[in-house]
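Just so you know, the sequence shown maps onto residues 3 to 382 in our numbering.
Notes for the one structure printed next.
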Amino acid sequence: MLSDPKAYVFTCVNQTAEQQELEDEQQRLCDVRPFLPMLCLVTRQGDRMEKLINSQISLLIGKGLHEFDCLQDPEVNDFRTKMRQFSEEAPAHRQELGWEAWLQYSFPLQLEPSTRRWGDSNTSQISNPDLLVNVKFEGSRESFIIQVSTKDVPLALMACALQKKAKVYQHLTMEKPEDYVLQVNGRHEYLYGSYLLCQFKYICSCLHSGLNPHLTMVHSSSILAMRDEQSKPAPQVQKPHTKPPPIPMKKPSSVSLWSLGQPFCIELIQGSKINADEQMKLVVQAELFHGNEMLCKTMSSLEVSMCSEPMWKQHLEFDTNICDLPRMARLCFALYVVMEKAKKARSSKKKSKKVAGTLRTGVLGEPGDPSLSARPSLAP
Numbered sequence: 003m004l005s006d007p008k009a010y011v012f013t014c015v016n017q018t019a020e021q022q023e024l025e026d027e028q029q030r031l032c033d034v035r036p037f038l039p040m041l042c043l044v045t046r047q048g049d050r051m052e053k054l055i056n057s058q059i060s061l062l063i064g065k066g067l068h069e070f071d072c073l074q075d076p077e078v079n080d081f082r083t084k085m086r087q088f089s090e091e092a093p094a095h096r097q098e099l100g101w102e103a104w105l106q107y108s109f110p111l112q113l114e115p116s117t118r119r120w121g122d123s124n125t126s127q128i129s130n131p132d133l134l135v136n137v138k139f140e141g142s143r144e145s146f147i148i149q150v151s152t153k154d155v156p157l158a159l160m161a162c163a164l165q166k167k168a169k170v171y172q173h174l175t176m177e178k179p180e181d182y183v184l185q186v187n188g189r190h191e192y193l194y195g196s197y198l199l200c201q202f203k204y205i206c207s208c209l210h211s212g213l214n215p216h217l218t219m220v221h222s223s224s225i226l227a228m229r230d231e232q233s234k235p236a237p238q239v240q241k242p243h244t245k246p247p248p249i250p251m252k253k254p255s256s257v258s259l260w261s262l263g264q265p266f267c268i269e270l271i272q273g274s275k276i277n278a279d280e281q282m283k284l285v286v287q288a289e290l291f292h293g294n295e296m297l298c299k300t301m302s303s304l305e306v307s308m309c310s311e312p313m314w315k316q317h318l319e320f321d322t323n324i325c326d327l328p329r330m331a332r333l334c335f336a337l338y339v340v341m342e343k344a345k346k347a348r349s350s351k352k353k354s355k356k357v358a359g360t361l362r363t364g365v366l367g368e369p370g371d372p373s374l375s376a377r378p379s380l381a382p
């Protein structure tokens, strides 16, 4: 048996070989970019509102949010967490606003661009400075015709309306005009504040057209009810409990290179998977380069006996300071096999070196896998 249409959603396989739910049915297929011209109708699962928002965000930024999840970047995850927290705190803060502050946020005043249009110098331009306003109260069919000046404020108009209502219905007590606000009939447009009536766009349009404005007195309790209704969370589909996302790692503390005046040094520990004759010896030479320029003299390690895991544990210190290193400086290594050859004229021995492997890596600013170039096993 089929359920309600809202219980289903179309899915497709996108260009990244992932199943994507098409929450926004107004989205074009050229924006979705399915891998094949095929859609599958499945039962909706999870939070529909959250998925719809994620779909709209992905369309705006031109990149799927799952791509950010694949980055595994603590800085990106921290930023997304803070932005989500900010977007959740903003509605909660608006929920705590009073009815007047919430009204100003949700329904800003519609004023004429020039607030002096109907000032003292231009009063003579109005054929009749008095204004007849048709005012009714919310929930009532009866209305009152109130005569006010175009230079009155909305509070004065509401006070006149309440006085006339108390006089007609013979009420002993009169309500406070501060508890009401004027709404334009048939619109989500309100008149409030200390502005003159002639400064509101609706009143100006009525004056130009020669029509009487029609306004409704709305009580503050109705504004509060509207606020609570708007801030009420949308119904969500029950979903299984999931673990909260891990707390992003804090960025490590950094130090300015300009403050590092000590010489650049490295710790040469050991090699791995070295293949050569056991009678040979191994030595490592390290150099600093910036492009083709050598920055300092070559540093050499001690000679060690040949084995598959040679061990040096040696401290190499270069004759240049860290603060003087260029950003694109490269640290280059060369592994040499030392061989001893006997001379014909003399019985003494002479050492010769053959390169067994080279390695270069960035010193500053470019982390990543080093570029390794190794030669096959060598024999004397």
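The C-beta atom is built at its ideal place from N, Cα and C for all residues, glycine as well.
Between the options, which has its C-alpha nearest residue i's C-alpha?
| i | options | result |
| --- | --- | --- |
| Ser5 | Val78, Gln22, Arg46 and Leu226 | Arg46 |
| Lys166 | Val183, Asn136 and Val155 | Asn136 |
| Lys153 | Glu180, Ser196 and Gly141 | Ser196 |
| Pro131 | Cys206, Pro115, Val34 and Leu24 | Cys206 |
| Glu27 | Ser224, Gly141, Tyr10 and Gln97 | Tyr10 |
| Ser222 | Leu198, Lys283, Glu180 and Ala331 | Glu180 |
| Leu31 | Thr13, Gly48, Ala19 and Val44 | Thr13 |
| Ile63 | Trp104, Asp49 and Asp33 | Asp33 |
| Trp260 | Ile268, Met3, Asn323 and His292 | Asn323 |
| Gln106 | Trp314, Ser258, Arg229 and Gln264 | Arg229 |
| Trp314 | Ser142, Ile268, Gly293 and His292 | Ile268 |
| Gly48 | Gln29, Ala19, Lys356 and Lys8 | Lys8 |
Just verifying my parser: in three-state terms, what is the DSSP assignment at residue i?
| i | result |
| --- | --- |
| Lys169 | helix |
| Asp132 | strand |
| Cys298 | coil |
| Thr175 | coil |
| Val339 | strand |
| Lys65 | coil |
| Pro42 | Per the sequence presented here, residue 42 reads as Cys, with Pro not at that position. Reduced to three states, the DSSP call for Cys42 is strand. |
| Ala19 | coil |
| His221 | strand |
| Pro237 | Reliability of the predicted coordinates at Pro237 is poor, the pLDDT of 47 falling under 50, and the value obtained from them is presented with this limitation in mind. Three-state DSSP puts Pro237 in coil, outside helix and strand. |
| Glu289 | strand |
| His210 | helix |
| Lys355 | strand |
| Leu262 | coil |
| Asp321 | strand |
| Phe88 | helix |
| Leu193 | strand |
| Cys14 | strand |
| Lys315 | strand |
| Thr152 | coil |
Just to confirm before moving on: does the CB-CB distance between residue i and residue j stay below 7 Å?
| i | j | result |
| --- | --- | --- |
| Phe70 | Val78 | yes |
| Ala336 | Gln281 | no |
| Glu295 | Cys334 | no |
| Leu262 | Cys309 | no |
| Leu327 | Val285 | no |
| Arg35 | Gln21 | no |
| Ala168 | Met176 | yes |
| Ala358 | Val340 | no |
Residues in its own chain within less than 7 Å of residue i by CB, not counting five upstream and five downstream?
| i | result |
| --- | --- |
| Gln316 | Leu270, Ser303 and Leu304 |
| Glu140 | Thr218, Met219, Val220, His221 and Ser224 |
| Ile147 | Leu134 and Asn136 |
| Thr125 | With a pLDDT of 45 at Thr125, under the threshold of 50, the predicted position of this residue should be treated as unreliable, and no value is reported. |
| Asn187 | His216, Leu217 and Thr218 |
| Glu319 | Pro265 and Cys267 |
| Ser145 | Asn136, Val137 and Lys138 |
Using a Cβ-Cβ cutoff of less than 6 Å, which residues in the same chain neighbour residue i once the five nearest sequence positions on both sides are dropped?
| i | result |
| --- | --- |
| Leu67 | Asn56 and Ser60 |
| Asp321 | Cys298 |
| Leu184 | Pro156, Leu193 and Leu217 |
| Leu226 | Trp101 |
| Cys72 | none |
| Leu174 | none |
| Gln149 | Asp132 and Leu134 |
| Glu25 | Lys53, Leu54 and Ser57 |
| Leu198 | Lys153 |
| His292 | Pro328 and Ala331 |
With a cut-off of 8 Å on the beta carbons, I'd call residue i and residue j a contact; round off their distance for me.
| i | j | result |
| --- | --- | --- |
| Ile204 | Gln112 | The question names Ile, but residue 204 is Tyr in the sequence shown. Confirmed, Cβ separation roughly 7 Å. |
| Glu23 | Lys65 | Actually they are not in contact, since the Cβ atoms of Glu23 and Lys65 sit about 17 Å apart, beyond 8 Å. |
| Arg332 | Thr363 | 7 Å |
| Leu43 | Val15 | At roughly 14 Å, the Cβ-Cβ gap does not stay under 8 Å, so Leu43 and Val15 are not in contact. |
Within a Cβ cutoff of 8 Å, which residues of the same chain sit near residue i, ignoring the five residues on either side of it in sequence?
| i | result |
| --- | --- |
| Gln74 | none |
| His190 | Phe109 |
| Pro312 | Gln272, Gly273, Ile276, Leu284 and Val306 |
| Thr300 | Gln287, Ala288 and Glu289 |
| Leu41 | Phe12, Thr13, Cys14 and Leu24 |
| Gln29 | Ser57 and Leu61 |
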